[in-house]
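Notes follow once the structure below has been shown.
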Amino acid sequence: DLGDFEHYMLKEIFEQPQTLENAMRGRIDEDEATAKFGGLNLSAQQLRNIDRVVLTACGTSWHSGLVGEYLLEEFARIPTEVEYASELRYRNPPISNDTMIFAITQSGETADTLAAMRECKRKGHPTLAICNVVGSSIAREADGGIYLHAGPEVGVASTKAFTSQVMVMIQLALFLGRMRHLSYPAGRRIIDAIQKIPDQIQKCLECNDLIKDISNKYCNFNNFLYLGRLYNFPGALEGALKLKEISYIHAEGYPAAEMKHGPIALVDEETPSVFVVPRGQIYPKVMSNLEEVKARKGPVIAIACEGDKKIADIADDVIYVPDVEDFLQPLVTAIPLQLLSYHIAVLRGCNVDRPRNLAKSVTVE
Ligand code: M6R
């Protein structure tokens, strides 16, 4: 049921304050400053012994895995790798006994993710799923896991599943971190910050009209760059994927500083760059990357923090998001990135819910 919305994608974008709430429900343990999960099916000792994590997924779910890598390494100090499931299934990487494998998937039916998971299981490794669809093949075959509780995602472009996956990864990193080096006050700070997220996402949605206007200005360009650093690098990849899959515009995501090693050659008046540049650890560095693009006459759309006045003088267009901790930036910046690709695709007359050549679950190899 679409309600007042024109497309499922838009409806699902607007559901995110609620779906993020659902991803947290019953999982926050304020007294112990940690998260808890009902279905991991592992003893505290097994969880404590994990010395490496492999996250495997495809597409958008792979992007949330990248955010997960940064989180698990920062909060839990567990070495983590993110593998494309289509590669992992045929590679033969050494995997130690205490490595935990997580398959991340909205549908739970992606053929490559299922095959990668089966291959790891066949070798005797415990495999867990981070999945949305209850009772799906991957959910059933995994040794345990965590559901997203995001409700059905109909639009082919993944939106609410992405933010829920990130929210689950934050809680997982908090949980594993609190079994290791993360202190009680540090755990409390993370909890306080994530509890504010649903309201902050609501605030991001208020930019919808502004983003529609900005989309009008940019919908006829044929090449885009998406740039961000640290937690915003996966966000940039995800923004670019969202634009290309529903608007058929060529878009590339890069870590912003990597630009000078090649992609900057693409920058001209006809190639807009979307900079994901909220204030944080390396804000000044990203700003200097942004200035390099402006110096080459590249149009810039910046996704920045509320109150950042300086950026309005440099970027051509600015979309403001609430000022949050670095690790929460992929959540608040996802909203404008999703809305930007949605409006551009609609203005170009594309079928946003069912883009050409794509299926909601990729059940073939
Ligand atoms: O259902 P899954 O999360 O396993 O799907 C993986 C990808 O096929 C999926 O994320 C795809 O990239 C989306 N259409 C992106 O919006």
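Here the sequence shown stands for residues 256 to 620, where the numbers follow full-length UniProt numbering. In this text, a Cβ means the ideal position worked out from N, Cα and C, and glycines have one as well.
query, result
"Beta-carbon proximity check, P591 vs V576, cutoff 8 Å", "yes"
"Touching by the beta-carbon criterion (3+ pairs, under 8 Å), the region 482-492 and the region 594-602", "no"
"Endpoints, the alpha helix (DSSP H) within which G314 is located", "314-326"
"Cβ neighbours of Q420 in the same chain (closer than 7 Å, five flanking residues each side left out)", "S316, S319, I359, I385, L403"
"G379 in three-state terms, based on DSSP", "coil"
"For Y509, the residue or residues it bridges with in DSSP", "L482"
"heavy atom of the ligand M6R below 7 Å from A412 C-beta", "yes"
"Buried versus exposed call for G323 [16 or more other C-beta atoms within 10 Å across all chains shown]", "buried"
"Of the residues E287, A448, I268, Q273, the one placed nearest Y439, counting alpha carbons only", "E287"
"Environment of E270 [buried if 16+ CB atoms lie within 10 Å]", "buried"
"G390: first and last residue of the uninterrupted alpha helix (DSSP H) it sits in", "Unbroken run through G390: none, as it is neither H nor E."
"The region 462-479 in contact with the region 439-453 per 3-pair CB rule at 8 Å", "no"
"Coarse secondary structure for V601, derived from DSSP in three states", "helix"
"Buried/exposed call for K564, threshold 16 Cβ in 10 Å", "exposed"
"Sub-8 Å separation of A290 and Q455 beta-carbons", "no"
"Continuous beta strand (DSSP E) stretch holding M355: start and end", "354-360"
"The region 330-345 contacting the region 296-313, beta-carbon criterion three pairs below 8 Å", "yes"
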